[in-house]
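Undergrad: In the working numbering, the protein residues as written are 114 to 874. For glycine and all other residues, C-beta sits at the position ideal for the given N, C-alpha and C. Structure in structure tokens, see below.
Below is the structure:
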């Protein structure tokens with residue numbers, strides 16, 4: 114009887130540690146997959162730190178505190194980190210040759226050369242388009258912070274806790290931080306017998322008895338899968354673990370005076386009373402170890418068994434939150450979403466439909482660059498709240514990515530109703546957001562898929578919704594796209610472009626065209642805008658609308674932007690040296706480029722290296738850039754203006770700013786978006802808006818340039834109301850440098866109306 118009870122107690126503790134091991138092993142596998150994902154991003158594959166660093170900086174800003182740094186090493190082991198460039202060489206690290214051989218690893222514990230902290234490294238190989246390993250993508254994990262993650266793995270006793278050792282017995286995590294990477298099971302700190310140490314290091318699982326700091330305990334251990342021999346050890350004091358057995362023994366001893374028969378009968382009854390809770394707890398532990406995170410121990414006694422039940426419930430609640438919920442928004446995560454869709458599909462009747470919506474915040478990475486993690490985390494909370502306020506009661510709402518949410522609409526009878534709900538949700542998200550007395554203008558895009566036509570299981574439904582979302586993000590954005598079966602081919606083409614874009618500079622496939630700025634009154638060329646073109650070897654001339662958004666998302670925009678600026682400055686300096694009067698040249702600046710901390714230095718360095726006088730360079734920023742984080746923007750703009758660089762506000766009228774507010778930015782030119790120009794002079798409302806913009810801009814001392822001028826009627830209208838400059842196909846399409854040079858030298862006249870009807874770009 115006592116022997117059976119001892120076996121049950123031991124089995125319960127063993128199952129508990131098995132569950133701990135599985136949970137940590139799954140977490141390690143997720144971290145490995147995360148490194149593999151980063152290693153496949155174009156910005157990392159490029160092995161160009163100018164491109165890679167901004168991407169990794171923004172990625173680590175989103176991660177949990179156990180990450181210290183991200184880093185990338187080349188074939189020779191030379192590496193850069195998110196804290197330090199040219200940080201040194203790691204070719205002597207044991208893990209380096211393994212990763213370069215194609216393995217994704219969890220390293221042995223080391224002291225970081227960048228931070229001096231106790232770390233382990235998770236690293237994956239970086240492969241080029243020929244599948245050759247060209248480098249290493251890694252992350253350092255703080256061992257001290259890692260313990261905060263596993264401190265819930267214990268029973269409710271002050272001397273119970275869990276810790277992790279490596280295959281040699283070195284302590285990796287421990288509640289006593291002085292033990293981390295200093296204590297070893299084979300050392301004097303533990304004073305264990307050689308037999309006990311051998312079992313702990315040799316066996317994959319089991320338990321041993323030992324005394325540590327005058328507390329006699331039993332240590333249950335289990336190897337953690339995917340870690341190369343790590344083990345988790347859970348220490349449980351003997352008096353806690355086996356107190357139910359001691360109480361049974363004392364009860365039986367007292368009853369011995371009442372006679373053998375009574376002892377036998379009562380002992381059977383007492384054994385059943387005492388062992389039943391242990392048997393029940395054993396069954397519960399088994400269910401938990403098998404992955405059932407909904408299991409609850411309902412033993413409410415005040416003894417150690419009741420305390421063990423409470424500890425088990427607390428642990429399962431912690432694991433459940435980690436497994437199924439997002440810690441920032443407290444919304445369910447991807448795992449929960451897939452389980453719920455699967456469950457609902459099983460109950461859905463034939464006449465009912467289900468809709469899956471995926472929602473992505475537009476330009477979220479530039480927002481991270483501009484405002485940092487603190488603000489964007491608040492924005493994510495606001496967006497999640499607005500989604501919850503908008504969708505019907507009973508809908509399933511999840512956060513499934515950095516800035517991606519999903520909504521499952523149940524019992525939908527018509528597609529139109531789901532589309533209406535989605536549009537309403539986007540409209541609510543798009544409302545101005547006020548945080549700490551500052552107003553932020555955010556928008557979102559959505560993909561929509563329906564059961565059963567777009568997918569008959571949870572994976573396919575979510576994939577279809579994501580494909581629709583990808584499609585809308587690659588086009589206009591800020592709207593909703595319903596899935597259709599042709600999207601797979603279209604997205605495959607887009608992903609191919611992303612990969613090809615990486616080699617476009619090296620392969621000499623990029624070129625710059627120039628579109629003149631014309632003084633409307635005199636017809637004189639006063640400047641030109643530089644426009645990027647990609648001459649793809651198979652697809653021909655690819656316009657920016659097909660690849661700029663991809664470059665923004667991947668981080669390739671930093672490399673493209675520097676290349677364009679350098680080439681433009683070199684070309685313009687050459688025209689000046691020829692004795693021409695080329696006017697100034699305008700270069701577009703993306704939000705992510707402008708938000709980069711090195712942007713100002715990059716511009717001034719390129720001007721110095723190319724010897725172009727700064728007054729011949731104009732930087733075009735959008736109205737949105739000007740309004741987001743206005744104080745920081747103003748600081749950068751003022752510094753650039755002090756150096757003599759010109760500034761124009763592009764696409765005016767498409768954002769939220771006012772002309773009076775833009776006066777603070779000391780811009781040289783205000784560019785009216787072509788949307789407004791297309792409507793003049795026939796559309797009375799647009800005509801009135803254009804006249805007002807011109808009048809107010811002049812009142813503030815700004816020159817005005819109209820974009821997209823395509824007809825003589827538009828030119829006449831603009832001239833009548835005092836617009837200073839014009840740009841558009843009425844005057845000239847974007848031209849290669851050689852053709853612009855012909856116009857500058859007078860060998861080719863510029864004839865208004867000649868290019869009307871050409872392909873736009």
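1. As a quick exercise: from 254, 789, 716 and 616, pick the residue whose alpha carbon is nearest that of residue 756.
2. If you check the beta carbons only, do residue 573 and residue 582 fall under 9 Å apart?
3. Please state whether the Cβ-Cβ distance between residue 190 and residue 202 is less than 9 Å.
4. Below 8 Å on the Cβ atoms is my contact criterion, and I expect residue 684 with residue 448 to pass it. Report the Cβ-Cβ distance as a whole number of Å.
5. Grab the span of the alpha helix (DSSP H) containing residue 540 for me, first residue to last.
6. Determine, using beta carbons only, whether residue 642 and residue 827 come nearer to each other than 9 Å.
7. Should residue 619 be labelled buried (16 or more other beta-carbon atoms within 10 Å of its own) or exposed?
8. Considering only C-alpha positions, which residue in the set 663, 711 and 467 is nearest to residue 615?
9. Which residues share a DSSP beta bridge with residue 709?
10. How many angstroms separate the CA atom of residue 234 from the CA atom of residue 780?
11. Can you give the Cα-Cα distance for residue 194 and residue 169, rounded to whole angstroms?
12. Whose CA, out of 301, 694 and 777, lies closest to the CA of residue 853?
13. Provide the residue span of the alpha helix (DSSP H) that contains residue 315, from first to last.
14. Residues in its own chain within less than 8 Å of residue 123 by CB, not counting five upstream and five downstream?
15. Closest to residue 328 by CA distance: which of 339, 341, 348 and 310 is it?
16. In whole angstroms, what separates the C-alpha of residue 163 from that of residue 576?
17. Which partner residues of residue 628 appear in the DSSP bridge assignment?
18. Under DSSP, the beta strand (DSSP E) around residue 208 begins and ends at which residues?
19. So residue 784 packs on residue 761, CB below 8 Å; how close in whole Å?
20. Secondary structure at residue 471, three-state DSSP: helix, strand or coil?
21. Under 7 Å Cβ to Cβ from residue 858, same chain only, skipping five residues before and after it: list those, please.
22. Are the beta-carbon atoms of residue 497 and residue 444 separated by less than 9 Å?
23. Nearest CA to the CA of residue 818: which residue from 596, 794 and 789?
24. Do residue 571 and residue 451 have their CB atoms nearer than 9 Å?
25. Report all residues from its chain with a CB closer than 6 Å to the CB of residue 499; omit the five preceding and five following residues, and keep chain order.
26. Between residue 703 and the rest of its own chain, which residues show a CB-CB distance below 7 Å, the 5 nearest in sequence each way excluded?
27. By DSSP, does residue 250 sit in helix, in strand, or in coil?
28. Going along the chain, which residues of its own chain have a beta-carbon closer than 6 Å to the beta-carbon of residue 187, five neighbours each way excluded?
29. Is residue 125 buried or exposed, if buried means 16 or more other CB atoms sit within 10 Å of its CB?
30. Applying the criterion that 16 or more other CB atoms from any shown protein chain within 10 Å of the CB defines a buried residue, is residue 734 buried or exposed?
31. Look at the alpha carbon of residue 629 and the alpha carbon of residue 758, and state the distance between them as a whole number of angstroms.
32. Kindly indicate the opening and closing residues of the beta strand (DSSP E) around residue 187.
33. Keeping to the same chain, check which residues put their C-beta closer than 8 Å to that of residue 351; ignore five residues upstream and five downstream.
34. By Cβ distance, which residues of its chain are closer than 8 Å to residue 292, with the 5 residues on each side in sequence left out?
35. In chain order, what residues of the same chain have a beta carbon less than 6 Å from the beta carbon of residue 754, not counting five sequence neighbours either side?
36. Using DSSP's beta-bridge definition, name the partner residues of residue 348.
TA: Looking at the atomic coordinates:
1. 716
2. no
3. yes
4. That belief does not hold up - the Cβ atoms of residue 684 and residue 448 are roughly 53 Å apart, past 8 Å.
5. 528-542
6. no
7. exposed
8. 663
9. Residue 709 pairs with nothing; no bridge assigned.
10. 48 Å
11. 9 Å
12. 694
13. 307-315
14. 320
15. 348
16. 33 Å
17. 642
18. Segment 208-213 is the alpha helix (DSSP H) holding residue 208; no beta strand (DSSP E) there.
19. 6 Å
20. strand
21. 693
22. yes
23. 789
24. yes
25. 541 and 542
26. 665, 670 and 674
27. strand
28. 248
29. buried
30. buried
31. 19 Å
32. 180-187
33. 322, 329, 330 and 331
34. 276, 284 and 302
35. 779
36. 274 and 332
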